[in-house]
Amino acid sequence: MSSGTSTPSDRINGRAFSQSEIRQVVRRVQTALTVRGYDPGGLDGLLGDKTRTALRQYQAASGLPQSGYLDLATLDGLGVTVATPSLGAASAPAAAPPVAPAAPAAIAPVPTEPVWLDQPTAADLDRLRPSGASRYPLGSAVIRCMVAEDGTLFACFAESETPPGRRYGQAAVRAAALYRMRVDGPYAAFVGQAIEVRISWT
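Here's what the structure looks like:
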């Protein structure tokens, strides 16, 4: 992949990524394209012909260069953030003279609330608003999801919706595909756990 070039590589904006990291980014892009009504040919994490065609369609509709690859403008438009890559790090500095050991650092408390790296925009939620909701334009739902190793949500189901029976619960489950939370450091405790997410339409 590349930043605005016409040939694929394992770099985004000049930063080198591992194949695993690239597949995670592509999978999130495929999810974002699907929610927006484009067909990337599945959520396999591979930048194949169908995904590139869907990217070009999205880029054309958004006034972006139609490269079919993942430049930063396309990622920003899709609401997909890119973490610091594990490859291409600078060489380690020369060893410094030994210093006296520092006092043990205080143990950071385990966070109780998620920090979202990606989440649906107001435009995304408007697209996902239940059909026929013009009579009930305001709604919300609480969903329960599991947290994956990459911070995305899966196995979601609606616990409640307001007003009842207006399919805001179904819409919220679809919107869950656009969420991604921090899972580094103390936030790794969320991985494999169930969390509740409230999504509101205003």
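For reference, each letter of the sequence shown is one residue, going 0 to 201 in numbering that gives the first Met the number 0.
Don't be surprised by glycine CBs; every beta carbon is placed ideally from N, CA and C.
| message | Once DSSP output is grouped into helix, strand and coil, what is the label at Ser139? | response | strand
| query | When the distance is taken between beta carbons, is Arg173 closer than 8 Å to Gly138? | reply | no
| Rounded straight-line distance, which links the Cα of Trp200 to that of Glu160 | 11 Å
| task | Just the C-alpha distance for Val81 and Ile21, rounded to the nearest angstrom, thanks. | result | 9 Å
| task | Classify Val196 as helix, strand or coil using the three-state DSSP reduction. | result | strand
| query | Could you give the residue range of the beta strand (DSSP E) that holds Glu158? | reply | Leu152 to Thr161
| query | Considering only residues of the same chain and omitting the five flanking positions on each side of Leu177, which have a CB-CB separation below 8 Å? | reply | Thr30, Ala31, Val34, Gly78, Asp117, Gln118, Pro119 and Asp123
| request: Please state if the CB of Leu69 and the CB of Val28 are separated by a distance shorter than 8 Å. | output: yes
| query | For Leu116, is the beta carbon positioned less than 7 Å from some heavy atom of the ligand NAP? | reply | As presented, the structure is devoid of all ligands, the ligand NAP included, so that no description of it is given.
| Chain-order list of residues whose beta-carbon lies under 8 Å from that of Ala91 (same chain, five-residue window excluded) | Reliability of the predicted coordinates at Ala91 is poor, the pLDDT of 49 falling under 50, and the value obtained from them is presented with this limitation in mind. Nothing listed; no residue qualifies.
| request: Would you mind working out which of Pro129, Ala59 and Pro113 sits nearest Leu152, comparing C-alpha positions? | output: Pro113
| If you count every other CB in all the chains shown that lies within 10 Å of the CB of Gln23, and 16 or more means buried, which is it? | buried
| said: Quick check on the DSSP output: the beta strand (DSSP E) that includes Asp117 runs from which residue to which? | reply: Trp115 to Asp117
| Going by Cα to Cα distance, which pick from Gly76, Leu45 and Arg126 is closest to Gly36? | Arg126
| So, is Thr50 buried or exposed, given that buried needs 16 or more other C-beta atoms within 10 angstroms? | buried
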